[in-house]
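Scroll down for the structure; my scribbles are underneath it.
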Amino acid sequence: MGLVRCKLLMDDPDVSDVLVNGANSVFIERNGLLERTDVQFANDDHLLHFIQRLVGQAGRRIDEVSPMVDAKLSDGSRLHAVIPPLALRGPTLSIRRFKTQIVKIEDMVRLGTLAPEMSEFLITAVKSRANILFSGGTGAGKTTMLNNVSRFIPASERIITIEETAELQLQQADVVGLETRLPNIEGKGVVSPRDLLRNSLRMRPDRIIVGEARGGEVLDMLQAMNTGHDGSMSTVHANDTKDALGRLELMIALSGAELPTHVTRQYIASAIQLFVHVARLSSGERKVMRISELAGVKDGEFELNDIFVYRMAGKNAAGRMVGSFYSTGYEPKVVRKMASAGYEIPHSMFDARELGTGMIKADSDE
Numbered sequence: 000m001g002l003v004r005c006k007l008l009m010d011d012p013d014v015s016d017v018l019v020n021g022a023n024s025v026f027i028e029r030n031g032l033l034e035r036t037d038v039q040f041a042n043d044d045h046l047l048h049f050i051q052r053l054v055g056q057a058g059r060r061i062d063e064v065s066p067m068v069d070a071k072l073s074d075g076s077r078l079h080a081v082i083p084p085l086a087l088r089g090p091t092l093s094i095r096r097f098k099t100q101i102v103k104i105e106d107m108v109r110l111g112t113l114a115p116e117m118s119e120f121l122i123t124a125v126k127s128r129a130n131i132l133f134s135g136g137t138g139a140g141k142t143t144m145l146n147n148v149s150r151f152i153p154a155s156e157r158i159i160t161i162e163e164t165a166e167l168q169l170q171q172a173d174v175v176g177l178e179t180r181l182p183n184i185e186g187k188g189v190v191s192p193r194d195l196l197r198n199s200l201r202m203r204p205d206r207i208i209v210g211e212a213r214g215g216e217v218l219d220m221l222q223a224m225n226t227g228h229d230g231s232m233s234t235v236h237a238n239d240t241k242d243a244l245g246r247l248e249l250m251i252a253l254s255g256a257e258l259p260t261h262v263t264r265q266y267i268a269s270a271i272q273l274f275v276h277v278a279r280l281s282s283g284e285r286k287v288m289r290i291s292e293l294a295g296v297k298d299g300e301f302e303l304n305d306i307f308v309y310r311m312a313g314k315n316a317a318g319r320m321v322g323s324f325y326s327t328g329y330e331p332k333v334v335r336k337m338a339s340a341g342y343e344i345p346h347s348m349f350d351a352r353e354l355g356t357g358m359i360k361a362d363s364d365e
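Residue numbers (numbering that gives the first Met the number 0): 0 to 365.
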């Protein structure tokens, strides 16, 4: 029964994650909120058999010798499983569902994820080849936002994507998708993001999109951004924009490059122009919390200026967040890059003012 019910959950378009914490504990994330289901497996052996079937279909194996596995299912969903002896309460399974239906940025504006002015600014930044880094926590919507804005890359440009698990769904004709490879049973054959990034530079890319920056490949990505591959983008796990900058410094150190701090910071500042931080709120809503410009390094510190922000003021009776998007009054330097590329943005867009609440009107809000 558990197998059938799990498959039904996987077919539900509103379910983004299926989380199995043992034979009698199955959770799902629906519309940004976790909820427990009544799905149960007969016992731990039944669940383990189910996990082994899924992993086997992906060409991987899981047993006591290799009790932890990452894999990609046939529909593109990501699977992560851990079994005893590492999992103390029985086999665990996490599936991040792959959504075939792309949420467009127009839908995100309608849903209140960002204000129209923020959307217009990001679209123009992508068209004018600004380098952008999207930050946020797990499930915040970083990849969704990256997918969204990538639609506006001109069709005449050649794009190379580099991912650990293919999630990006670019619509352009000239796209080369590269995916890393984990080591085989003998521990050989691994292909890292850094290997792919270095090889991608020989493939005549106009833009390079790294699905998620996790380690030493960040240095190669920044080098690409600094050497003619403007308009490149990536995502990084971080709690805020300043935290994202700290993560970049740490990952450069992990690459083995022994650079002084001031050199590292100058290198980052010369490569990335815009930071976009996305968050999933306690109500399940996803918001673009801030769009910031990295204007340079001053007195050894990053000069990071917010262009647009979202400010929370509490919750309403329906449990939805109450807040507003604001333009801070800072006019970014990247506007000059946009103008030189032939894209004009009115200066009035950056006047300090409230842009809107970003809330959906519903009967429960009345």
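C-beta: ideal position from N, C-alpha, C; glycine also. Remember, predicted model here, so these are calculated numbers, not experimental data.
Exercise. Phe-26 by DSSP, collapsed to three states: which one?
Worked result: For Phe-26, the three-state secondary structure derived from DSSP is strand.
Problem set entry | Ile-94 vs Thr-160 beta-carbon contact at 7 Å | Not in contact: Ile-94 and Thr-160 (Cβ atoms no closer than 7 Å).
Exercise. Within 10 angstroms of its Cβ, does Arg-285 collect 16 or more other Cβ (buried), or is it exposed?
Worked result: Its Cβ being crowded by 16 or more others within 10 Å, Arg-285 is buried.
Exercise. Is the CB-CB distance between Val-277 and Lys-103 below 7 Å?
Worked result: At the C-beta level, Val-277 and Lys-103 stay beyond 7 Å of one another.
For this session: Confirm, please, whether the CB-CB distance from Leu-354 to Glu-116 is below 7 Å.
Result: Leu-354 sits close to Glu-116, with the two beta carbons spaced by under 7 Å.
Exercise. Looking at the structure shown, is Ile-267 part of a helix, part of a strand, or coil, going by DSSP?
Worked result: Of the three classes helix, strand and coil, the one that applies to Ile-267 here is helix, per DSSP.
Exercise. Less than 7 Å separating the beta-carbons of Ala-80 and Leu-92?
Worked result: Taking 7 Å as the Cβ cut-off, Ala-80 and Leu-92 qualify as a contacting pair.
Problem set entry | Met-348 versus Ala-114 - alpha carbon distance | Linking Met-348 to Ala-114 through their CA atoms gives a straight-line distance of about 12 Å.
Exercise. What runs of the beta strand (DSSP E), each 3 residues or longer, lie entirely inside the stretch 57 to 122?
Worked result: Segments of the beta strand (DSSP E) lying fully in the stretch 57 to 122: 67 to 71, 77 to 81 and 91 to 95.
For this session: Give the DSSP-derived three-state secondary structure of Met-311 in the structure shown.
Result: Met-311: strand per DSSP, three-state reduction.
Exercise. Is DSSP giving Met-239 helix, strand or coil here?
Worked result: Residue 239 is actually Asp in this sequence, not Met. In the structure shown, Asp-239 adopts coil according to DSSP, grouped into three states.
Problem set entry | Residue(s) in a DSSP beta bridge with His-276 | Bridge partners of His-276: Ser-134 and Arg-289.
Exercise. Which of helix, strand or coil does DSSP assign to Leu-406?
Worked result: This structure cannot settle anything about residue 406, because the visible part of the chain is limited to 0 through 365.
Exercise. Do you know offhand how far Leu-280's Cα is from Met-320's?
Worked result: Answer to the nearest angstrom: the Cα atoms are 8 Å apart.
For this session: Consult DSSP for Leu-258 and reduce its assignment to one of helix, strand or coil.
Result: In this structure, DSSP gives Leu-258 a state outside helix and strand, which the three-state scheme calls coil.
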